[in-house]
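The sequence shown stops at residue 230 when you use full-length UniProt numbering, and every number in between is there.
Written out below as structure tokens is the structure these notes cover.
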Amino acid sequence: MKLTSYSFNIVLVVLALLCWAMELSLPEPNPIKRADYIAPPIELKYLSAGFAHQASDSFWLRAVQDFDHCNQPLNEQECKGRSWLFDVVNMVVELDKYFKEAYYYGALSLTVLISDYMGASIIFDKGVKVFPQEWPLLYAAGYHALYEEQDKSKAADLYLAAANNGAPEWVRSMAGRLASEGGDNIKAEEILRQLIDLEKDPRWIEKLQKKIEASKASSKAGKKTKKDGE
Numbered sequence: 001m002k003l004t005s006y007s008f009n010i011v012l013v014v015l016a017l018l019c020w021a022m023e024l025s026l027p028e029p030n031p032i033k034r035a036d037y038i039a040p041p042i043e044l045k046y047l048s049a050g051f052a053h054q055a056s057d058s059f060w061l062r063a064v065q066d067f068d069h070c071n072q073p074l075n076e077q078e079c080k081g082r083s084w085l086f087d088v089v090n091m092v093v094e095l096d097k098y099f100k101e102a103y104y105y106g107a108l109s110l111t112v113l114i115s116d117y118m119g120a121s122i123i124f125d126k127g128v129k130v131f132p133q134e135w136p137l138l139y140a141a142g143y144h145a146l147y148e149e150q151d152k153s154k155a156a157d158l159y160l161a162a163a164n165n166g167a168p169e170w171v172r173s174m175a176g177r178l179a180s181e182g183g184d185n186i187k188a189e190e191i192l193r194q195l196i197d198l199e200k201d202p203r204w205i206e207k208l209q210k211k212i213e214a215s216k217a218s219s220k221a222g223k224k225t226k227k228d229g230e
């Protein structure tokens with residue numbers, strides 16, 4: 001027997017009501033808590049099956065949503081090293097080592113937003129190896145080396161590299177000062193000589209030459225103190 005148009009409409013209404021009733025009977029999904037986040041194992045990079053860049057983009061989109069998430073806080077201001085965010089950002093750059101933004105924003109988020117200093121150091125170090133001429137990245141890495149790693153000599157090297165690749169010239173001056181304070185007098189003298197080569201004003205050249213002499217004197221004094229101690 002053929003279904004009339006009226007009967008067909010009745011069947012559709014009944015089916016719709018059944019679907020609605022079934023939907024109401026289903027339990028509500030539990031919201032995912034940040035504490036339940038699982039970091040991706042690094043071995044996943046070997047399972048990308050030729051879609052490494054796409055997988056990298058996917059993990060990056062995931063990281064961006066939780067740049068401020070610290071899964072293991074040490075205190076109110078600092079996160080335990082190698083955090084969940086570090087693992088995700090590290091996966092991103094392992095899948096696509098030329099993902100420049102991931103190094104820059106990922107490492108900055110680690111050092112500034114959640115204070116995972118250990119994780120930030122790893123990402124920055126990887127980034128400056130891949131992009132040794134990207135001065136904003138070098139400058140950010142220099143900031144981290146100076147203020148979080150407390151390594152003035154490393155910061156001086158990074159700031160000098162930034163200055164050599166387009167950063168403002170005052171960065172070169174700061175690199176020289178940091179190299180001197182960090183105990184690397186040879187590096188300080190090298191940076192100061194580069195400043196002299198760039199300068200035309202004799203007053204500045206004279207001051208820079210005096211700084212070189214002071215750096216040499218400091219180096220000699222340090223060697224003498226070391227000998228006396230022996």
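C-beta atoms are modelled at their ideal positions from N, C-alpha and C, and glycine is treated no differently.
Point to revise | Assumed close pair serine 56, glutamine 72 - CB separation to whole angstroms, cut-off 8 Å | key: Contact doesn't hold; Cβ gap of about 25 Å is too wide.
**Study point:** asparagine 90, buried or exposed, once every other Cβ within 10 Å from all chains shown has been counted against 16
**Key:** Answer is buried; the Cβ neighbour count reaches 16.
Exercise for review: Give a single yes or no on whether lysine 45 has its beta carbon closer than 6 Å to a heavy atom of the ligand ATP.
Suggested key: For the structure depicted, the ligand ATP is absent and the ligand set is empty, with no information on it obtainable.
Exercise for review: Using three-state DSSP, classify cysteine 70 as helix, strand or coil.
Suggested key: Note: cysteine 70 maps to coil in three-state DSSP.
**Study point:** Own chain partners of methionine 1 with C-beta closer than 8 Å, once the 5 adjacent residues on each side are dropped
**Key:** Unreliable positioning characterises methionine 1 in this predicted model, as indicated by a pLDDT of 46, which lies under 50. The coordinate reading is nonetheless provided below. Correct list: empty, nothing qualifies.
Review point. Cβ of asparagine 185 within 7 Å of Cβ of serine 215?
Key: Against a cut-off of 7 Å, the Cβ pair of serine 215 and asparagine 185 comes out as a contact.
**Study point:** serine 7 classed as buried or exposed, judged by whether at least 16 other C-beta atoms fall within 10 angstroms
**Key:** The residue in question, serine 7, is exposed, as its Cβ has fewer than 16 Cβ neighbours within 10 Å.
Review point. According to DSSP, is serine 7 helix, strand or coil?
Key: Serine 7: helix per DSSP, three-state reduction.
Review point. Does the separation of the CB atoms of arginine 177 and leucine 195 fall below 7 Å?
Key: Their beta carbons are not under 7 Å apart, which means arginine 177 does not touch leucine 195 by this criterion.
**Study point:** Buried/exposed call for tyrosine 104, threshold 16 Cβ in 10 Å
**Key:** By the 10 Å Cβ count, tyrosine 104 comes out buried.
Exercise for review: Identify, in the order they occur along the chain, each residue of the same chain with its Cβ nearer than 8 Å to the Cβ of residue 231, setting aside the five sequence neighbours on each side.
Suggested key: Absent from the model: residue 231. The displayed extent of the chain is 1 to 230, so no value can be given.
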